[in-house]
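A short write-up of the structure that comes next.
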Amino acid sequence: MGKDAIIKTNICSRGFTYNYSKNRLKCGDIMNKRIIMHVDANSAYLSWQAAYDLQRGAAIDLRDIPSVVGGSQKDRRGIVLAKSIPAKAFGIQTGEVIWQARQKCPGLVVIPPNYELYMKASNALYSLIKDYSPKIQRFSVDEMFLDYTGMGAFFGEPVEAAHKIKDRVKEELGFTVNIGIGENKLTAKIAGDLKKPDMVHTLYHYEIPSKMWILPVEDLFMVGRKTKKKLKEININTIGDLANTDTKFLQNRLKSFGLLLWRYANGIEDSAVSGNTLMNIKSIGNSTTIKFDVEDKKTAHKVLFSLTESVAMRLRGAKACCSIVSVEVRTSQLNFYSHQRKLFTPTCITSEIFAMAAELFEECWGGEKIRHLGVRVSGLYGDDFVQSSLFDDRNREKREALDSAIDSIRCKYGKSSIMRAVLADYEFLPVSGGVGEDDYAMMSSIL
DNA sequence: TCTGGGGTCCTAGGACCC
DNA sequence: TCTGGGGTCCTAGGACCC
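So the first sequence is numbered by the working numbering: it starts at 25 and just counts up by one.
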């Protein structure tokens, strides 16, 4: 590794030189530097259910027995969404099909998902950590970034503060979290994954060679199954191997993604901990696996309509309009395809979005048996922009008024309180999909 | 035996304009 | 007659995240 860990590389695309040196930051001046924490609920879905059950007097803690949260096999959603530590000991993995998991562990307890509970637990975690910084970013339902920069004066050294937070979550909310501390979101996140559960870890830049470079390359954020395979082919097995590979070579092999990975492997990442405003949302979608294979257009339209209702309602809730509609299809053979089109005029009206979705579906569907359908809208604008559009369409105003009336009835009396006649004779929920009451701009593949 | 649902970002190729 | 090239927009598909 040469003279300790001194890397000097020119990142052409950004035109700056990154000087990575062991001495750049000493322990003593951490109080003045950027400090980011990553708070991650351990086996979130499972822990939250366990905590909820215990509060209601359950005798067994799901976390102590081999158990998983998983969809129903009957409804064809039978995969493992979260697992307990005893279940993990049987080799059960997230994303695995339930019947396989049962084979590994015959007595496995499988409980259904409860998304409303998860949203509540997530909100509770958010409001607790809000006590420690005004800058919090929800990264997913169970992961949040906290910008601790400058907060040391109030709550002490980062590690001390992280322990306080972790212990408060355990006492007050009944589940454990891992907290990773770093100088940016990437290192904070990797620190949080070092060892679980219920732990605090640091990954400061001078710890990168000793703590991060020794890890297998697939432990790096953004290295998934395919990328891992590609990297192994060029003899890159650890994060350290990647960090010390020539950037030109990586760019040749993996394009700009290669450079991104190289930067991550060297702990370089500088995005801000950003609040989740509606402005950050890029798209809104709903998709569903249907209990049976759909073989006719009429049934497909009903599913698409139900999905569109929920998408459009969320879109209006976000006070936005969309300019692109896309439809996705997964066949019973598990083939996937999608079709999208830009709208002439942006809209948030259910019937307009559905009309486009139906048109797109008919254009792309080849008559195969359908397992899964999805509707997604993107190219979002604020709705104030669209109201002053070129067309003064009376019918449009009426449709908008109808939609907002339906929204407020559903808001008051529940999603099933009112339904469109096309769905009245059928077994689809009037509004399908949607996790909870709020939309967040969550989950970005780039931090 | 059977494989969810919510997202983001990047790339390649075609259309079209100058 | 033969044969441009750059820029931008659009769409499909593939990778990744939790």
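Yeah, the Cβ is synthetic: ideal placement off N, Cα and C, and Gly gets one too.
Exercise for the section: Examine the Cβ distances between the stretch 57–77 and the stretch 97–104 and report whether three or more of them are shorter than 8 Å. Expected result: no
Exercise for the section: Determine contact between the stretch 139–147 and the stretch 113–121, defined as no fewer than three beta-carbon pairs at a distance below 8 Å. Expected result: no
Exercise for the section: Determine which residues share a DSSP beta bridge with valine 193 and list them. Expected result: By 1-based counting over the first sequence, the position of residue 193 is 169. Answer is none; valine 193 lacks a bridge partner.
Practice task
In the DSSP assignment, find the unbroken alpha helix (DSSP H) run with histidine 62 in it and report its ends.
Solution key: Mapped onto the first sequence, residue 62 falls at position 38. Counting along the chain, histidine 62 falls outside any alpha helix (DSSP H), though it belongs to the beta strand (DSSP E) covering 60–65.
Exercise for the section: Would you mind working out which of Gly309, Ser432, Ser375 sits nearest leucine 404, comparing C-alpha positions? Expected result: Locating residue 404 in the first sequence gives position 380, counting from the first residue. Among Gly309, Ser432, Ser375, the Cα nearest to that of leucine 404 belongs to Gly309.
Practice task
Pull up the distance between the alpha-carbon of valine 353 and that of proline 137, whole angstroms please.
Solution key: Numbered from 1 along the first sequence, position 329 holds the residue referred to as residue 353. Numbered from 1 along the first sequence, position 113 holds the residue referred to as residue 137. Those two C-alpha atoms are separated by around 24 Å.
Handout entry: Nearest-angstrom Cα separation, counted from glycine 264 out to proline 233
Key = Position 209 of the first sequence holds residue 233. Position 240 of the first sequence holds residue 264. One C-alpha to the other measures close to 7 Å.
Handout entry: Of the residues Tyr139, Asn261, Ser428, Ala186, the one placed nearest lysine 154, counting alpha carbons only
Key = As a first step, residue 154 is located in the first sequence; it is residue number 130 there, counting from the start. Nearest option by C-alpha distance: Ala186.
Problem - Closest Cα partner of phenylalanine 360 within the set Ala289, Arg395, Pro221, Asp171 - result: On the first sequence, position 336 is the one that residue 360 refers to. If you compare the alpha carbons of Ala289, Arg395, Pro221, Asp171 with that of phenylalanine 360, the shortest gap goes to Arg395.
Practice task
Reducing DSSP to helix, strand and coil, say where glutamine 79 ends up.
Solution key: In the first sequence, counting from the first residue as 1, residue 79 sits at position 55. Three-state result, glutamine 79: helix.
Practice task
Excluding the 5 residues preceding and the 5 following valine 247 in the sequence, name in chain order all residues of the same chain whose CB lies nearer than 6 Å to its CB.
Solution key: Here residue 247 corresponds to residue number 223 of the first sequence, with the count starting at 1. The residues are Val241.
Practice task
Could you have a look at glutamine 161 and say whether DSSP puts it in helix, strand or coil?
Solution key: By one-based count along the first sequence, residue 161 stands at place 137. If DSSP states are grouped into helix, strand and coil, glutamine 161 belongs with the strands.
Exercise for the section: On the DSSP bridge assignment, give the partners of aspartate 171 in chain order. Expected result: Residue 171 sits at position 147 when you count from the first residue of the first sequence. Looking at the DSSP assignment, aspartate 171 forms a beta bridge with Ile60.
Exercise for the section: Please confirm whether valine 351 and phenylalanine 385 have their CB atoms less than 8 Å apart. Expected result: Within the first sequence, the letter at position 327 stands for residue 351. Within the first sequence, the letter at position 361 stands for residue 385. Cβ atoms of valine 351 and phenylalanine 385: closer than 8 Å.
Exercise for the section: Would you list the one or two residues that DSSP bridges to arginine 365? Expected result: As a first step, residue 365 is located in the first sequence; it is residue number 341 there, counting from the start. Arginine 365 is bridged to Val349.
Exercise for the section: Please specify which runs of the alpha helix (DSSP H), each continuous and at least 4 residues long, are wholly inside the stretch 254–316, giving them in chain order. Expected result: 263–267, 271–289
Handout entry: Per-residue DSSP class, three states only, for arginine 101
Key = Taking the first sequence and counting its residues from 1, one reaches residue 101 at position 77. Coil, per DSSP.
Handout entry: Contact set for serine 499: own chain, Cβ-Cβ below 6 Å, skip 5 residues either direction
Key = In the structure as shown, the chain starts at 25 and stops at 471, and residue 499 therefore has no counterpart that could be examined.
Problem - Those residues which DSSP pairs with tyrosine 405 across a bridge - result: Counted from its first residue, the first sequence places residue 405 at position 381. DSSP output for tyrosine 405 lists Cys345 as bridge partner(s).
Problem - Integer Cβ distance of aspartate 427 from isoleucine 373, believed to fall under 8 Å - result: Position 403 of the first sequence, counting from 1, holds the residue named residue 427. Position 349 of the first sequence, counting from 1, holds the residue named residue 373. Aspartate 427 to isoleucine 373, Cβ: 6 Å. Contact.
Exercise for the section: State the start and end residues of the unbroken alpha helix (DSSP H) segment that holds asparagine 493. Expected result: Look at the range of the chain in this structure, 25 to 471, and you will see that residue 493 is not part of it.
Handout entry: leucine 285 and leucine 244 closer than 8 Å at C-beta
Key = Mapped onto the first sequence, residue 285 falls at position 261. Mapped onto the first sequence, residue 244 falls at position 220. Taking C-beta atoms as the reference points, leucine 285 and leucine 244 count as a pair closer than 8 Å.
Handout entry: Contacts around serine 311, its chain only, beta-carbon distance under 6 Å, and the 5 residues preceding and following it disregarded
Key = Against the first sequence, residue 311 aligns to sequence position 287. The residues are Gly398.
Exercise for the section: Going by CA-CA distance only, name the one from Ile122, Thr355, Leu70 that's closest to isoleucine 472. Expected result: Residue 472 falls outside the range modelled here, since the chain spans only 25 to 471, and no answer is possible.
Practice task
Please report how far the alpha carbon of leucine 239 lies from the alpha carbon of aspartate 85, in whole angstroms.
Solution key: Residue mapping note: residue 239 aligns to position 215 of the first sequence, counting from 1. Residue mapping note: residue 85 aligns to position 61 of the first sequence, counting from 1. The alpha-carbon atoms of leucine 239 and aspartate 85 are separated by roughly 32 Å.
Handout entry: Separation of histidine 225 from valine 183, as counted between CA atoms
Key = Reading the first sequence from its first residue, position 159 is the one you call residue 183. Reading the first sequence from its first residue, position 201 is the one you call residue 225. Roughly 8 Å separates the two Cα atoms.
Problem - Neighbourhood of valine 133 by C-beta distance below 8 Å, restricted to the same chain and skipping five residues each side - result: As a working note, residue 133 is residue 109 in the first sequence. Closer than 8 Å at the Cβ level, and outside the excluded window around valine 133, lie Leu86, Ile89, Pro90, Ser91, Val92.
Practice task
Give me the Cα-Cα distance between glycine 216 and lysine 209, rounded to the nearest whole angstrom.
Solution key: For the purposes of this step, residue 216 is identified with residue 192 of the first sequence, where counting begins at 1. For the purposes of this step, residue 209 is identified with residue 185 of the first sequence, where counting begins at 1. Each residue's alpha carbon lies about 11 Å from the other.
Handout entry: Beta-carbon proximity of asparagine 290 to asparagine 66, cut-off 8 Å
Key = Stepping through the first sequence from its first residue, residue 290 is reached at position 266. Stepping through the first sequence from its first residue, residue 66 is reached at position 42. At least 8 Å separates the beta-carbon of asparagine 290 from that of asparagine 66.
Problem - serine 234, enclosing alpha helix (DSSP H) - first and last residue - result: Here the question's residue 234 lines up with position 210 in the first sequence. Counting along the chain, serine 234 falls outside any alpha helix (DSSP H), and DSSP gives it neither H nor E.
Problem - Distance, arginine 287 Cα to lysine 343 Cα - result: Working through the first sequence from its first residue, we reach residue 343 at position 319. Working through the first sequence from its first residue, we reach residue 287 at position 263. For lysine 343 and arginine 287, the distance between alpha carbons rounds to 37 Å.
Problem - Cβ-based neighbour list, aspartate 99, same chain, cut-off 7 Å, excluding 5 preceding and 5 following - result: Numbered from its first residue, the first sequence carries residue 99 at position 75. The residues are Lys315.
Practice task
Give the single residue among Pro110, Ile205, Ile377, Ile433 whose Cα lies nearest to the Cα of phenylalanine 329.
Solution key: Along the first sequence, one-based indexing puts residue 329 at 305. Nearest option by C-alpha distance: Ile377.
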